[in-house]
Each structure stands twice: as C-alpha cells, then as structure tokens.
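Everything on this sheet refers to the single structure shown next.
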Amino acid sequence: MGEMMSSAEEFFGLPTEEKTVHYSTDSKKLPRVALEAYTTAVRAVALRLLRLTAAGLGLDEGHFKGELSAGPVIMNMEVVRNGALRGGEHRVVTNARAARTSQATFVMPARWAPPGMVPDGDAPQYRPFTYQARRSWARTLRRPATGTMPSWHVSRTKD
1 MGEMMSSAEE FFGLPTEEKT VHYSTDSKKL PRVALEAYTT AVRAVALRLL RLTAAGLGLD
61 EGHFKGELSA GPVIMNMEVV RNGALRGGEH RVVTNARAAR TSQATFVMPA RWAPPGMVPD
121 GDAPQYRPFT YQARRSWART LRRPATGTMP SWHVSRTKD
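If you count the sequence shown from 1, position 105 lands on 105 in this note's numbering, and the numbers rise without skipping.
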C-alpha cells in the first residue's frame with residue numbers, strides 16, 4: 001500500500017507535460033503499468049471484508065468462495081440485502097496547505113452476476129438485473145452508477 005501511495009504521489013507531482021505522455025485516448029485500452037502487487041493485496045483485503053460482511057449478514061460461509069466471478073457476488077449492498085442497508089454520503093473537504101492523495105479501489109462482480117436471493121418472507125424491493133445491465137443503463141443515461149438505483153425499484157401499489 002505504501003509503495004502504491006508513493007508511486008501515485010510521485011506521478012501526480014510531475015509537471016502536466018510529463019504526465020500527459022502516459023495518458024491514453026483509447027478508453028478501452030488496458031492500463032500500461034501493471035500494479036500486480038497492489039491489486040493482489042487489495043483484492044485479498046476486499047475478499048476478507050466481503051466474507052466478514054457475509055458472515056455478519058447471516059449468509060452462508062462459502063458465499064464468497066473462490067474468484068468473485070465464479071459465484072454470487074454483492075453488486076450493491078442495498079440490493080443484495082433487499083434495501084436493509086443503505087449507502088452513505090461521501091463528502092471530502094480538502095486542505096489548502098497540504099496535498100491529499102486518495103486511491104479508489106473497487107471490487108466488481110462478474111458482468112452477468114445476478115443479485116442475491118431475497119430472504120424468505122420479504123417482498124423483493126428490486127427487480128432482477130445483472131451488473132452489466134446496470135452499467136449499460138448508467139452509461140446510456142450518462143449518470144453516475146450511484147444514481148441508478150431508483151430505476152431498479154419494484155413498483156408498489158396500495159391494496
């Protein structure tokens with residue numbers, strides 16, 4: 001983690017002209033520099049957190065066994081727990097006198113992974129969808145992924 005932070009700070013400390021030679025205009029091109037040690041370590045931590053979260057939510061012990069793409073995966077904690085958990089707001093206040101470097105790391109499910117099962121006795125709050133469908137929908141509307149959840153809600157009518 002320390003090496004990754006040092007590398008990021010070193011890169012972002014370069015003059016703009018030196019940084020731009022590393023940028024790619026091809027949005028589908030894979031990163032030019034492999035960050036194998038960092039991503040391996042972050043993935044191990046993410047899997048551990050997912051397993052601990054699954055245990056805390058009462059899911060089967062093997063819910064996150066093996067590779068994330070091989071089985072059921074959390075797409076969004078709100079969806080997988082049928083609305084029981086809500087995401088928090090994230091706000092950042094920067095310091096004008098000191099630099100701040102952040103590394104965002106995401107653990108994504110397989111593109112075709114469906115959300116988890118709804119617990120017995122609970123009505124589903126979200127209609128079924130895959131992670132790929134959610135991403136495609138978000139891109140089509142040019143909305144950030146966090147703004148797409150209401151469209152997946154199941155419509156409710158009062159009896």
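Yeah, the Cβ is synthetic: ideal placement off N, Cα and C, and Gly gets one too.
Values in this document were obtained by computation on a predicted structure and should not be read as measured data.
**Simplified DSSP state of Y23, which is helix, strand or coil** = coil
**Item:** Sub-7 angstroms separation of Y38 and M4 beta-carbons
**Value:** yes
**Request:** Starting from S6, follow the alpha helix (DSSP H) in both directions and report where the run begins and ends.
**Result:** Where S6 is concerned, the enclosing alpha helix (DSSP H) stretches over 2 to 12.
**Message:** Using the three-state DSSP reduction, which class does R48 fall into: helix, strand or coil?
**Reply:** helix
**Message:** One question on the structure: do P9 and T101 come within less than 7 angstroms of each other, judged by their Cβ atoms?
**Reply:** According to the sequence displayed, residue 9 carries Glu and not Pro. Their beta carbons are under 7 angstroms apart, which means E9 touches T101 by this criterion.
**Request:** Look up Q132 in the DSSP assignment and say whether it is helix, strand or coil.
**Result:** helix
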